[in-house]
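Enquirer:
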Amino acid sequence: MLRIRNLHAGYENLLVIKGASLHVNPGEIVTIIGANGAGKTTLLQTLAGLVRPREGEISFDKTSITALPAERIVGMGCVLVPEGRQVFGTLTVEENLFLGSYSRRRSLPREEYRRELGDVYRLFPRLEERSGQLAGTLSGGEQQMLAIGRALMAGPRLIMLDEPSMGLAPIIVKTIFEVLARLRDMGKTILLVEQNAKAALRIADRGYVMETGQIILEESAAELLNNKDVQRAYLGKEYKSIADLGEQGERQ
Amino acid sequence: MIYQQSCETMPRDELEQLQIERLQMTLNRVYRNVAFYRKGFDAAGVDIGKIRSVGDLKELPFTTKEDLHASYPYDMFAVPLKDIVRIHSSSGTTGRPIVVGYTKNDIQHWSALTARVLTAAGITEHDFVQIAFEYSLFTGGLGFHYGAERIGASVIPSSASGNIQKQLYIMKDYKTSALLSTPSFAITIASNLREMGIHPESLNLRVGIFGAEPWSDAIRARIEDELRLDAYDSYGLSEIMGPGVSGECAHKCGLHVNEDHFIVEVIDPATGAPLGYGAEGELVFTTITKEGVPLIRYRTGDLGTLTGGTCECGRTFARMSRVSRRIDDMIIVRGVKIVPRQIEEILLRVEGARPNYQAIVRAENGEDVLEIKIEISEGIFNDELKKMLELKNKIARSFEADLGIAPHITLVEQDSLRSAGGGKVNRIVDMRSGRV
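Next up, the structure:
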């Protein structure tokens, strides 16, 4: 569905992405994990058309989107849920969701819009409860739900999420990630950038590990959980008790 | 049957994307973690960021067996040694051993790949798989073992049980349906069957996978006839992984290379220039999923050709020809190039001769002398010295007629050429330059 070849991108004199190639198949959750500054956010912004690539090729459903403006990419069904949610704080929840459908404002019949809004509310009942509330007054977790809901209102086939777990309590992260898994089961394709590698790998099908702008590993999520480099660098000490892969303690 | 349908029948454009992704990440990792590659790429002036397609592989330097010898034991490892869960080594025919290490994920991949080879040969959970490859530092036994368990077959690790008779009884009593061994071991089994008066029909064998040494189609026909089974070729080498690199499907039109894990090239052995599909040259492999010891453009010394296009079985992976010749197995005796396959075919033609043999070249008074040792078996043994001499002469004459060289023929005791438990026979021994 999404195919990226030899992507180079950055800001002014700073080259951040240095020759990344990756792909996302329809119906997959693919996660990109990596440390702070590895280039994950820049990668997503480049895919979304917010940062111009210097070199390389991005195609979505076999159509090149390398040089397309951001709104055209959204129109094709490839939507970004940005880092830090970025909801419109002075608008209500429902107004935020309405704006999510902006790219389809001419083609979306009213009853279809109502149906999709209902779908989002079923996914996140909390949003329905607060539909008239200003988005700026929501909790961090609710704002994240709203950001995902707003992305869904664009009718995407591919949803790209940048650090959806950031700053959220573990219980909320669990809820959000369960929704992502449900979206996959509903046929959506998901590209998930996360520092919370543990949570991401538990719902993902495949993952890439990014380091200083380059991809250094591509494997199934289960294999990445098995990889000692990944365990050391991204999963932390408490990893074992959670993933419980039958490890009998690390060899020293 | 196809073990991993979505991988093995992947459309070529998807495969190409996967290969470039995995190649780039492998290059990024070896450049970070393996001094040999970092220095090698820098010395060759290669910027790995410029490797944009599989075709750009040709910009990268080769890795040779000598490089692996020089890195003995662990210098090629790309992960900390505590991440290594298995170590194998290959002595090869010359020099210091080569050491390879596997991470947990490498073992998982390896199991899946040998499971593919077994499945392609029609082996299923209903089979009793007797593994007569050595379980040792050699990758043959354990490599297939994990794959056979993975598909749920009943695995009989027989090679460690000792002598051939014992393995034969296991084969008979445990109702072995699939035999995995070297082709020379299969030949030995067949001759032992005859000696012990066991008719092959009384066994349950239906399929065999043979590898680790070159074997001709004539040998295949003979094994199939004498053991009443369907014989498949398998290819692998410890440096790259072991068995599971490629294997035949039911159509037997070449060995499907597991291209989602290995990129295969054919090069001109003299110039190193890449050759296309259809041209014979040296097979070169790049591992693109290995974590422990990834190798970039490893020169195998094996000669072969590649064929593209989707196979009738549905697999989209390129097929390599059966490897019958190695660059370093080719010996030049008094100006005549000889490869093992030619020797095998001559021996087969001479009635009764079992093709377990060893060709030895040495220099005597400045002249090349070729000796061929042939194991005596029931089929060619004769009490009359005269008849034995006749046979030797007959073989020598056939060599002279075919190759222009009359070798000394030495008949040796059965099983004396093969190492215990199904190991390789060194088909060619060149003693002229101190090489063994």
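As given, the protein sequences belong to chains A and B, one line each in that order.
With the numbering used here as the guide, the letters of the first sequence map in order to residues 1 to 252.
With the numbering used here as the guide, the letters of the second sequence map in order to residues 1001 to 1436.
By construction, the Cβ of each residue, glycine as well, lies at the ideal position given by its N, Cα and C atoms.
How far does the beta strand (DSSP E) with B/Phe-1210 in it reach, from first residue to last?
Expert: 1207 to 1210 is the span of the beta strand (DSSP E), which, as asked, contains B/Phe-1210.
Enquirer: Secondary structure at B/Gly-1055, three-state DSSP: helix, strand or coil?
Expert: Helix, per DSSP.
Enquirer: Tell me which residues of the segment 1007 to 1027 of chain B have at least one Cβ-Cβ distance to chain A shorter than 7 Å, keeping chain order.
Expert: Answer set for the segment 1007 to 1027 of chain B: Gln-1017, Ile-1020, Glu-1021, Arg-1022, Gln-1024 and Met-1025.
Enquirer: Using 8 Å as the cut-off, can you tell me whether the segment 1112 to 1126 of chain B makes contact with the segment 1250 to 1260 of chain B, which would need three or more C-beta pairs spanning the two stretches below that distance?
Expert: Taking 8 Å as the limit for Cβ pairs, the verdict is that the segment 1250 to 1260 of chain B does touch the segment 1112 to 1126 of chain B.
Enquirer: Quick check: is the beta carbon of A/Asp-229 nearer than 8 Å to any beta carbon in chain B?
Expert: Interface residue, yes.
Enquirer: Is the beta carbon of B/Arg-1029 less than 8 Å from the beta carbon of B/Pro-1274?
Expert: Result no, Cβ atoms of B/Arg-1029 and B/Pro-1274 do not sit closer than 8 Å.
Enquirer: Just to confirm, are B/Leu-1137 and B/Ser-1089 a CB contact at a threshold of 8 Å?
Expert: Closer than 8 Å, so yes.
Enquirer: Which class does B/Asp-1067 belong to by DSSP, given the choice of helix, strand or coil?
Expert: The answer is helix: DSSP assigns B/Asp-1067 an H, G or I state.
Enquirer: Is it the case that the CB of B/Thr-1188 approaches a heavy atom of the ligand MN more closely than 7 Å?
Expert: The model depicted lacks the ligand MN and carries no ligand whatsoever.
Enquirer: Hey, does B/Asn-1426 have any beta-carbon neighbour from chain E nearer than 8 Å?
Expert: Here the protein chains are A and B, and chain E is not one of them.
Enquirer: The segment 1360 to 1384 of chain B: which residues have C-beta closer than 7 Å to a C-beta of chain A, in chain order?
Expert: The segment 1360 to 1384 of chain B vs chain A, Cβ under 7 Å: nothing.
Enquirer: Have a look at B/Tyr-1277 and B/Asp-1067 and give me their C-alpha separation to the nearest angstrom.
Expert: Near 27 Å, if we compare the C-alpha coordinates of B/Asp-1067 and B/Tyr-1277.
Enquirer: Skipping 5 residues on each side, what residues in its chain have a beta carbon closer than 6 Å to that of B/Ser-1234?
Expert: Excluding positions up to five away in sequence, the list reads Val-1117, Ile-1209, Gly-1211, Pro-1243 and Gly-1247.
Enquirer: So, for B/Thr-1286: in the same chain, excluding its five sequence neighbours on each side, which residues have a beta-carbon less than 6 Å away from its beta-carbon?
Expert: Closer than 6 Å at Cβ, skipping near neighbours: Ile-1263, Ile-1296 and Arg-1297.
Enquirer: Looking at the structure shown, is B/Glu-1344 part of a helix, part of a strand, or coil, going by DSSP?
Expert: Reduced to three states, the DSSP call for B/Glu-1344 is helix.
Enquirer: Let me make sure I understand the geometry here. Which of B/Gln-1358, B/Asp-1106 and B/Ala-1318 has the alpha-carbon closest to that of B/Met-1241?
Expert: Of the candidates B/Gln-1358, B/Asp-1106 and B/Ala-1318, the one whose C-alpha sits nearest the C-alpha of B/Met-1241 is B/Asp-1106.
Enquirer: For the segment 1095 to 1106 of chain B, enumerate the residues whose C-beta is nearer than 9 Å to any C-beta of chain A, in chain order.
Expert: Taking 9 Å as the Cβ-Cβ cut-off against chain A, the residues of the segment 1095 to 1106 of chain B that qualify are Thr-1103, Lys-1104 and Asn-1105.
Enquirer: Would you list the one or two residues that DSSP bridges to A/Gly-39?
Expert: A/Gly-39 is not bridged to any residue.
Enquirer: So if I threshold CB-CB distances at 9 Å, which residues from the segment 1052 to 1080 of chain B count as touching chain A?
Expert: Those residues of the segment 1052 to 1080 of chain B that come within reach of chain A (Cβ to Cβ, closer than 9 Å) are Arg-1052, Ser-1053, Val-1079 and Pro-1080.
Enquirer: Anything in chain B within Cβ reach of A/Arg-54, meaning under 8 Å, just list it in chain order.
Expert: None at all; the shortest Cβ gap to chain B is about 12 Å.
Enquirer: How would you list, in chain order, the residues of chain B whose beta-carbon sits under 9 Å from the beta-carbon of A/Gly-19?
Expert: Correct list: Gln-1024, Asn-1028, Ile-1048, Gly-1049, Lys-1050, Ile-1051 and Arg-1052.
Enquirer: Find the residues of chain B that neighbour A/Glu-112, judging by a C-beta separation of less than 9 Å, and give them in chain order.
Expert: Near A/Glu-112 there are no residues of chain B at all, since even the closest Cβ is about 33 Å away, more than 9 Å.
Enquirer: Since B/Gly-1251 is in the beta strand (DSSP E), which residue starts that stretch and which ends it?
Expert: It is worth fixing the name first, because residue 1251 of chain B is His in this sequence and not Gly. Per DSSP, B/His-1251 belongs to no beta strand (DSSP E) and is neither H nor E.
Enquirer: Could you spell out the range, first to last residue, of the alpha helix (DSSP H) harbouring B/Phe-1133?
Expert: Careful: B/Phe-1133 lies outside any alpha helix (DSSP H) and carries neither H nor E.
Enquirer: In chain B, what lies closer than 7 Å to A/Gln-214 by C-beta?
Expert: Under the 7 Å cutoff, chain B gives Asn-1028.
Enquirer: Does A/Ala-9 get closer than 8 Å to chain B when you measure Cβ to Cβ?
Expert: For A/Ala-9, the answer is no, since every Cβ of chain B falls outside 8 Å of its Cβ.
Enquirer: Using the rule of at least 16 other Cβ atoms within 10 Å of the residue's Cβ for burial, across every protein chain shown, is B/His-1145 buried or exposed?
Expert: Its Cβ being crowded by 16 or more others within 10 Å, B/His-1145 is buried.
Enquirer: Where does A/Cys-78 sit, in a helix, a strand or coil, going by DSSP?
Expert: Here A/Cys-78 sits in strand by DSSP.
Enquirer: With H, G and I counted as helix, E and B as strand and the rest as coil, what does DSSP make of A/Gly-141?
Expert: The answer is helix: DSSP assigns A/Gly-141 an H, G or I state.
Enquirer: With contact counted as at least three CB pairs below 8 Å, one residue from each stretch, are the segment 209 to 220 of chain A and the segment 176 to 189 of chain A in contact?
Expert: No: the two stretches stay apart, fewer than three of their Cβ pairs being nearer than 8 Å.
Enquirer: Considering only C-alpha positions, which residue in the set A/Gly-100, A/Val-120, A/Glu-28 and A/Ala-9 is nearest to A/Ile-203?
Expert: Minimum Cα distance to A/Ile-203 is reached at A/Glu-28.
Enquirer: For the alpha helix (DSSP H) holding B/Met-1171, just list the boundary residues, first then last.
Expert: Run containing B/Met-1171: 1164 to 1173, per the alpha helix (DSSP H) assignment.
Enquirer: Please report the distance separating the alpha-carbon of B/Leu-1179 from that of B/Thr-1139.
Expert: Using only the alpha carbons, I get a separation of about 16 Å.
Enquirer: When you compare the CB of B/Asp-1402 with every CB in chain A, is at least one pair closer than 8 Å?
Expert: No, no contact with chain A.
Enquirer: With a threshold of 7 Å on Cβ separation, who are the neighbours of B/Pro-1269 within its own chain once the five nearest residues in sequence on each side are excluded?
Expert: If we look at B/Pro-1269 and ignore the five residues flanking it on each side, its Cβ neighbours are Gly-1281, Glu-1282 and Ile-1327.
Enquirer: Could you tell me whether any Cβ in chain B is nearer than 8 Å to the Cβ of A/Asn-226?
Expert: Judged by the 8 Å Cβ criterion, A/Asn-226 is in contact with chain B.
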